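Undergrad: Chains as they are written, first to last, in the numbering used here: chain A, 1 to 359; chain B, 1001 to 1512. A virtual CB, placed ideally from N, CA and C, is assigned to each residue, including glycine. Note that the coordinates shown come from a computational prediction; the quantities given were computed from them, not determined experimentally.
(1) Among residues of its own chain, excluding the 5 on either side of residue 136/A, which ones have a beta-carbon nearer than 7 Å to its beta-carbon?
(2) Find the residues of chain B that neighbour residue 134/A, judging by a C-beta separation of less than 8 Å, and give them in chain order.
(3) Could you give the distance in angstroms between the alpha-carbon of residue 1026/B and the alpha-carbon of residue 1015/B?
(4) Using a 10 Å radius around the Cβ and a threshold of 16 neighbouring Cβ atoms, would you call residue 252/A buried or exposed?
(5) Using the DSSP secondary-structure output, state which residues sit across from residue 1267/B in a beta bridge.
(6) Just to confirm, is the Cβ distance from residue 67/A to residue 187/A under 8 Å?
(7) Starting from the N-terminal side, write out each stretch of the beta strand (DSSP E) that is 3 residues or longer and does not extend beyond the stretch 1013 to 1045 of chain B.
(8) Would you call the stretch 1036 to 1051 of chain B and the stretch 1452 to 1461 of chain B in contact, with 3 or more CB pairs under 8 Å?
(9) To the nearest angstrom, how far is it from the Cα of residue 260/A to the Cα of residue 1393/B?
(10) Is the shortest distance between the beta-carbon of residue 1097/B and the beta-carbons of chain A less than 8 Å?
(11) Which residue marks the beginning of the alpha helix (DSSP H) containing residue 210/A, and which one marks its end?
(12) Thinking C-alpha only, which one of 29/A, 213/A, 86/A is nearest residue 10/A?
(13) Ignore the nearest five residues each way along the sequence and tell me which others in residue 1159/B's own chain have a CB closer than 6 Å to its CB.
(14) Where residue 119/A and residue 89/A are concerned, what is the direct C-alpha to C-alpha distance, given to the nearest angstrom?
(15) State whether the stretch 12 to 29 of chain A contacts the stretch 308 to 320 of chain A, with contact taken as three or more CB pairs (one from each stretch) at a distance under 8 Å.
(16) So, is the C-beta of residue 1493/B closer than 8 Å to a C-beta in chain A?
(17) Any chance the stretch 197 to 213 of chain A sits against the stretch 1141 to 1151 of chain B, with 3 or more Cβ pairs inside 8 Å?
(18) Considering only their Cβ atoms, is the gap separating residue 1279/B from residue 1251/B smaller than 8 Å?
(19) Determine the direct distance from the alpha carbon of residue 1173/B to that of residue 1081/B, and round the result to whole angstroms.
(20) Looking at chain B, which residues of the stretch 15 to 29 of chain A have a Cβ within less than 7 Å of any of its Cβ atoms?
(21) Listed in chain order, which residues of the stretch 59 to 92 of chain A have Cβ atoms closer than 9 Å to some Cβ of chain B?
(22) Taking only beta carbons into account, state which residues of the stretch 132 to 162 of chain A come closer than 7 Å to chain B, listed in chain order.
(23) Using a Cβ-Cβ cutoff of less than 6 Å, which residues in the same chain neighbour residue 1492/B once the five nearest sequence positions on both sides are dropped?
(24) Examine chain A for any beta-carbon lying closer than 8 Å to the beta-carbon of residue 1506/B, and answer yes or no.
(25) Residues of chain A with CB closer than 8 Å to the CB of residue 1188/B, please, in chain order.
(26) Which residue wins for smallest C-alpha separation from residue 1320/B, given the options 1449/B, 1314/B, 1329/B?
(27) In chain order, what are the residue ranges of uninterrupted alpha helix (DSSP H) at least 4 long that sit wholly in the stretch 1421 to 1498 of chain B?
(28) List in chain order: all unbroken beta strand (DSSP E) runs of 3+ residues lying wholly within the stretch 49 to 87 of chain A.
(29) Mind listing which residues of the stretch 310 to 321 of chain A have their C-beta closer than 9 Å to chain B's C-betas, in chain order?
(30) Report all residues from its chain with a CB closer than 8 Å to the CB of residue 1191/B; omit the five preceding and five following residues, and keep chain order.
(31) Where do the ends of the alpha helix (DSSP H) carrying residue 1199/B lie?
(32) Looking at chain B, is there any beta carbon in it that lies within less than 8 Å of the beta carbon of residue 109/A?
(33) What in chain A is Cβ-close to residue 1092/B, meaning under 7 Å?
(34) Put residue 1133/B into one of helix, strand or coil per three-state DSSP.
(35) With C-beta atoms as the reference, is residue 1116/B less than 8 Å away from residue 1126/B?
(36) Taking a cut of 8 Å between CB atoms, which residues from the stretch 1077 to 1088 of chain B lie near chain A?
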C-alpha cells in the first residue's frame, strides 16, 4: 500500500525524466509542467497510488495528447481541455473515474494525467501502458493483452468533441482517431479506452511515474552541482552508454502520417572515427553503429543533450548538437512473442531479429 | 572597406578603426553615464591624429550590453500591454505566465486575450475578434500604456492577424510602439511571445540609446551609417535595431569571440575572454561562436534566441585574492579596480595587484605590493590557471589538446602553457577584441516557416529567397550572401507534403 502526495518539485523532476523516457517522442513536457505549476499555485494537490491499491472494479481514465508536437507548441496546453476529454468519457459511459493514468510515460504525456487528476479530484496511478513513448495506439501493454480497444474521446479546445464508440481492433482506433486529430488541426486531447482496476493491475507497466521522477531528479541535481548528468542517470537506471557524438545530418520524411527518418552522428571522445545512425518513427527505433545493429525497439534508445542531460526530440534535433546516446531496458511485457509482434523491429518494418543491448 | 567598431561596456568604451582588414588604431575611454560622451571621447581620440580626415568610413558598428543589463538589473524598462490573439486556446497559460515574478511585476501593464490566430496550414484557427481588439486598445489607453506586444498562434506562417490588430490599436493610440511576435521569427508561441514582450519592454531604452549613438557619431563629424551588432555576430541597421533591440542582447560576448577569430586568423579554436569580473569561455567553429544547445533564458525569461554557448566563471582582473587559504574570485572589485586595488591605494588584494607585483603589468604603485614574494605570486597565477583550465575542459566537445585564444583586459592571467591546450595565443589588440568583432560584423537574414504541397527542393529554395531578401533588407550586399544554416523538417501527423524549413544567410554590409 502506498499513497502519497506528489510535490510540485517532483512534477518538475517528472517533466525532465519523462522527456528522457520519451525516446525522442511524446512531446516536450514544459507546457504541461506550466499547467501543473498553475494548479499547485491554486492549491490543488495530486496523490500518486500504486496499481495494487486499485479496487478490481475501479474505473481508470487513460490520458494522452495526440497530434503534431509542432502544433502543440503554438496552441500550447490547457489542463481543462484534457479534463474535458475525461469528463466526456464519463458522460458517454455514465461512470465516474476513480483514478487517472498515463497512456505513455514519455514526454508531455507523462505529465498530463496530473493535470486531469487535479481537475477531477482523483489520484494518478503509478503505471502506464508503454513504459516510454511509442507512435501508435496498438503499441501498448493493454493492446498486447488484447483488452477492449474502445471507446475513445477526442477533444479540441474550440468545443469540438468526438467519441469513437466502437472499433474492431487497436489498429482501427489508431486509424480513425488519427483522422479526427488531423481535422482538428493536428492537436487534440484524448481519453483512451478506460480500464478496470483489475486490468491495470494485470497489464499496466508499474512504477513508471516514480521512475521518471527519479531520473529527472538525478538530472536536475547533476545540473545544480555541475556534475555529469548522464552519469547521474546511469546511477539510478541500469542503462548503457551507446555513443557520444555530434549530429551531422537529419533526414526526415512524413509517410502515413508519421515522422520517419534517420539521424546521423559522428563520434566524439572514445567513439571518434565511428558513425551512428538512428532510424526513427516519431521515437528512436533502431540504432546502427558503422552499419551494424547496435540497439533496437523495444530497448529504449535515448538521445540526450551531452551538456544538460536533457532529452532531445526527433522533431527538434538539429545539426551540430552534441549528444550522448544511451539505452535503457524495456518493460518485460514487450519481450514476449506477442509483445514482440506489437513493438519488435518487424512491427516497424525492419527485417531484424531483436537482440538486446542488455543480453 | 573602412570601418569603426565600438564596444560600449559597463566599464570602458573601446573603439577600433579597421582599414583593408588591418586594425589601424584602437582606443579605450571610460563609459559615461549618458553613453554619448564615452563614445564621443573614444571617437575623438581615434581621429586625434588626423587619421580619419578626408576618408570615407563605410560604417560605424556598435556593440553594447545595455539592453541585456537593463533586463538583468531590472532598470529602464517600459510597462507593456500584452495582446494575444488565439482564444480559446492556451487560456490557462496567458502572456507572462513563465516570467520571474519580479520582472513580470515590473513589465506587465495588462494582459488581453482575444479570438484569432491560424492553423499550421494557414486556415484561420478563429476569426480575428476586431471589436475585442478595439475594446482592449481603449483599456490600454485608459491605463496610459503605449508599448504593446502582440502575439498570435502560428503568426510566423501568417502575420495578418497581428498586423490588423496593430492597425486597430494605432487608431486608438496613434503614438503606440508595437512589437508583433511574427517579427521575431520562430515557431513556439510562448518563447516567441516572451521575446516580443521583452522587446516591447525595451522600447524607450532602445529609442534613447540608439538616439545617443547617432548623436555621438554626428557630433564627432563622421559621416557613416550606424549599425548595431546582434547576438549572432552580425549587424542590423540602426532603424531595425531600434525596433528589435532583443536581437542585440548577447552581442558583447559574440563580438569578443569573433574579434578573437579575426585577430588570430583562426577559425576553429577555444576563446577565453578575461574581463574585470568574469571570464567567458566559448568555442569558435568556422569563425563563429558555437551556439547554445538548448533554450536560452534572458534575465530568467525563456526565449529561442540564437546565443553563443558560453561558460562564465568568476575570474578576472579585479578578482579578490585571498592568500590563506588560497582563493581567487568569484568576488571582484569590478569598475572600482583603480581605487580599491592595493597598488592603487585601496585595501582589497586583487589579481591585478599580483600581476603588478610580479612585473607582468606596469600599473599603479609597485612599492605598495612589494610584500608579495615571487612564490606567492606564482601560487595565485597557478590557481587562476587551474580555474581557467577547468572551464576550458568543460567547454570541450572532444578530447585532445586545442588552441586557445586569450583576449580581454585580464588576459594576463592566462599562462602560455596550460593542461589540455596545445598553444595559447595572445594577440595584439586582444584587449579590444569585442570592438574588433563589432567592426567586422556581417548582416544576416532568416526564414523559418512551413511550406505545403511543394517538393523539398522547392521549399528550401523558397525559404532561401525569403532569407536572402531579409538579409538585403537588413543592409547586406546581395552578391556576398552565403547560407550558413539550412534545415528542413517534414511534419509528423500532418497530411500532404508539409515541410518546415529554416534557412539563415549572412553577407557583408553593403557599401553605402
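TA: Judging by the given coordinates:
(1) Cβ neighbours of residue 136/A within its own chain (closer than 7 Å, five residues either side excluded): 174.
(2) Simply none; closest approach about 13 Å.
(3) 6 Å
(4) buried
(5) Beta-bridge pairing links residue 1267/B to no other residue.
(6) yes
(7) 1022 to 1030
(8) no
(9) 36 Å
(10) yes
(11) 208 to 225
(12) 213/A
(13) 1182
(14) 14 Å
(15) yes
(16) With a pLDDT of 43 at residue 1493/B, under the threshold of 50, the modelled position of that residue is not reliable, and no figure is offered here.
(17) no
(18) no
(19) 12 Å
(20) none
(21) 66, 67, 68, 69, 70, 71, 73, 74, 75, 76, 77, 78, 79, 80, 81
(22) 157, 158
(23) With a pLDDT of only 47 at residue 1492/B, under 50, the local geometry of the prediction cannot be trusted, and the value read off the model is given with reservation. Closer than 6 Å at Cβ, skipping near neighbours: no residue.
(24) Chain A contact via Cβ: absent.
(25) 73, 74
(26) 1329/B
(27) 1433 to 1439, 1456 to 1473
(28) 59 to 67
(29) 310, 312, 314, 315, 316, 318, 319, 320, 321
(30) 1295, 1302, 1303, 1304
(31) 1189 to 1201
(32) Not a single CB atom of chain B sits nearer than 8 Å to the CB of residue 109/A.
(33) Here the neighbours are 35, 38, 78, 79, 80.
(34) helix
(35) For residue 1116/B and residue 1126/B, yes; Cβs fall inside 8 Å.
(36) 1086, 1088
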